[in-house]
Amino acid sequence: MPTALSLHSLIVCTRLGRLRFARHWTPGTAAALSQDVLGSHSPSRSLPSGPPPAAGRNRTRGGPVDTPSGVAPTLHNSAFEQSLIAACLAQASDTTDQGSVPTGRFKAVHKRYGNLIFISVCDPAENTFAVLSFTHCLVETLSRYFDGFSEYHLVFNMEKVHLVLDEMVAGGYVVETVRENVLPVFAQMERQVSLA
Numbered sequence: 009m010p011t012a013l014s015l016h017s018l019i020v021c022t023r024l025g026r027l028r029f030a031r032h033w034t035p036g037t038a039a040a041l042s043q044d045v046l047g048s049h050s051p052s053r054s055l056p057s058g059p060p061p062a063a064g065r066n067r068t069r070g071g072p073v074d075t076p077s078g079v080a081p082t083l084h085n086s087a088f089e090q091s092l093i094a095a096c097l098a099q100a101s102d103t104t105d106q107g108s109v110p111t112g113r114f115k116a117v118h119k120r121y122g123n124l125i126f127i128s129v130c131d132p133a134e135n136t137f138a139v140l141s142f143t144h145c146l147v148e149t150l151s152r153y154f155d156g157f158s159e160y161h162l163v164f165n166m167e168k169v170h171l172v173l174d175e176m177v178a179g180g181y182v183v184e185t186v187r188e189n190v191l192p193v194f195a196q197m198e199r200q201v202s203l204a
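Positions in the sequence shown are counted from 1; adding 8 to them yields my numbering.
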């Protein structure tokens, strides 16, 4: 029995490397990817061992400032996303618009559509062609839903892009790849919203 395609993250950027959209399904993927992609030179800071700093107000020249209590600083997601984008852009050229980049415990499969590059992060054992097929299905679904899909739709209709992804991916597993099954759900939702 075939297993469902498993994705850890989906990142969409422009050809210039500008991050436009990121969705992470697996908890801890960002931290693991940051170690794999950025290596030991990660810009994240670590707290000294011992109890967390006490909550309260510290005095500075400007006056009292609230400080977070017990919150460990972590690597911001965009740092590893930008590193992953740079790795995919370095591999891509004008002649190739798709490929895969091994990142240690994960594999990043990228495909360019116009000005946008879709990067899917999955396990190394996943079939690259299956990941590329899912990416193509997602882009076709978004294109049909928006009557043509571009960077503009990612910026101004991000919630709708998330809804489409929620219909196609559940908990990191691809559950639907037939656009004829996905699009009627949104048509019905929009009819209900317009009636309200």
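Beta carbons: idealized from backbone N, C-alpha and C, even for Gly.
Return the first residue and the last residue of the alpha helix (DSSP H) that H170 is part of. Start at 1 with the first residue of the sequence shown, and residue 170 comes out as number 162. For H170, the uninterrupted alpha helix (DSSP H) segment begins and ends at 166-176.
Segments of 4+ residues assigned as alpha helix (DSSP H) that fall wholly inside the stretch 89-161: Within the stretch 89-161, the alpha helix (DSSP H) runs of at least 4 residues that lie entirely inside it are, in chain order, 136-154.
Answer yes or no: do A100 and S108 have a C-beta to C-beta separation smaller than 9 Å? The count along the sequence shown starts at 1 and reaches residue 100 at position 92. The count along the sequence shown starts at 1 and reaches residue 108 at position 100. Not in contact: A100 and S108 (Cβ atoms no closer than 9 Å).
To the nearest angstrom, how far is it from the Cα of A195 to the Cα of R26? For this step, residue 195 is matched to residue 187 along the sequence shown. For this step, residue 26 is matched to residue 18 along the sequence shown. Each residue's alpha carbon lies about 31 Å from the other.
Could you tell me whether any Cβ in chain C is nearer than 9 Å to the Cβ of E188? You won't find chain C in this structure, because it holds only one protein chain.
Any contact of the stretch 146-163 with the stretch 172-181, i.e. 3+ C-beta pairs under 8 Å? Using a C-beta cut-off of 8 Å, the stretch 146-163 makes contact with the stretch 172-181, since at least three inter-stretch Cβ pairs fall below that distance.
Between the Cα of R31 and those of L15, R120, P192, spot the shortest distance and give me the residue it belongs to. For the purposes of this step, residue 31 is taken as the residue at position 23 of the sequence shown. Ranked by how close their Cα comes to the Cα of R31, the residues L15, R120, P192 have L15 in first place.
Considering only their Cβ atoms, is the gap separating S158 from N135 smaller than 9 Å? Stepping through the sequence shown from its first residue, residue 135 is reached at position 127. Stepping through the sequence shown from its first residue, residue 158 is reached at position 150. The answer is no: Cβ separation not under 9 Å.
Return helix, strand or coil for R199, following the three-state DSSP convention. Against the sequence shown, residue 199 aligns to sequence position 191. Correct three-state label for R199: helix.
Over what stretch of residues does the beta strand (DSSP E) that includes V186 continue unbroken? As a first step, residue 186 is located in the sequence shown; it is residue number 178 there, counting from the start. That residue, V186, is in no beta strand (DSSP E); it is neither H nor E in DSSP.
For I127 and L24, I'd like the C-alpha separation in whole angstroms. As a first step, residue 127 must be located in the sequence shown, where it is residue number 119. As a first step, residue 24 must be located in the sequence shown, where it is residue number 16. If you draw a straight line from the Cα of I127 to the Cα of L24, it is about 14 Å long.
To which residues of the same chain is F154 closer than 6 Å at the C-beta, ignoring the five residues directly before and after it? On the sequence shown, residue 154 is found 146 positions in, with the first residue counted as 1. Cβ neighbours of F154 within its own chain (closer than 6 Å, five residues either side excluded): H161.
Nearest-angstrom Cα separation, counted from N189 out to G112: Taking the sequence shown and counting its residues from 1, one reaches residue 112 at position 104. Taking the sequence shown and counting its residues from 1, one reaches residue 189 at position 181. Distance between the alpha carbons of G112 and N189 is about 35 Å.
Keeping to the same chain, check which residues put their C-beta closer than 7 Å to that of T110; ignore five residues upstream and five downstream. Taking the sequence shown and counting its residues from 1, the one referred to as residue 110 is at position 102. In the sequence as displayed, the identity of residue 110 is Pro instead of Thr. Excluding its 5 nearest sequence neighbours in each direction, P110 has C-beta neighbours in its own chain below 7 Å: P132, listed in chain order.
On the criterion of 16 or more Cβ atoms from any shown chain inside 10 Å, does S17 qualify as buried, or is it exposed? Looking up residue 17 in the sequence shown gives position 9. The residue is buried, with at least 16 neighbouring Cβ atoms inside 10 Å.
By alpha-carbon positions, which one of A98, C130, H144 ends up nearest to L13? Your numbering for residue 13 matches position 5 in the sequence shown. If we check each option's Cα against that of L13, C130 comes out closest.
Looking at the unbroken beta strand (DSSP E) that takes in A28, where does it start and where does it end? Counting from 1 along the sequence shown, the entry for residue 28 is found at position 20. What sits at residue 28 in the sequence shown is Arg, not Ala. Counting along the chain, the beta strand (DSSP E) containing R28 begins and ends at 27-32.
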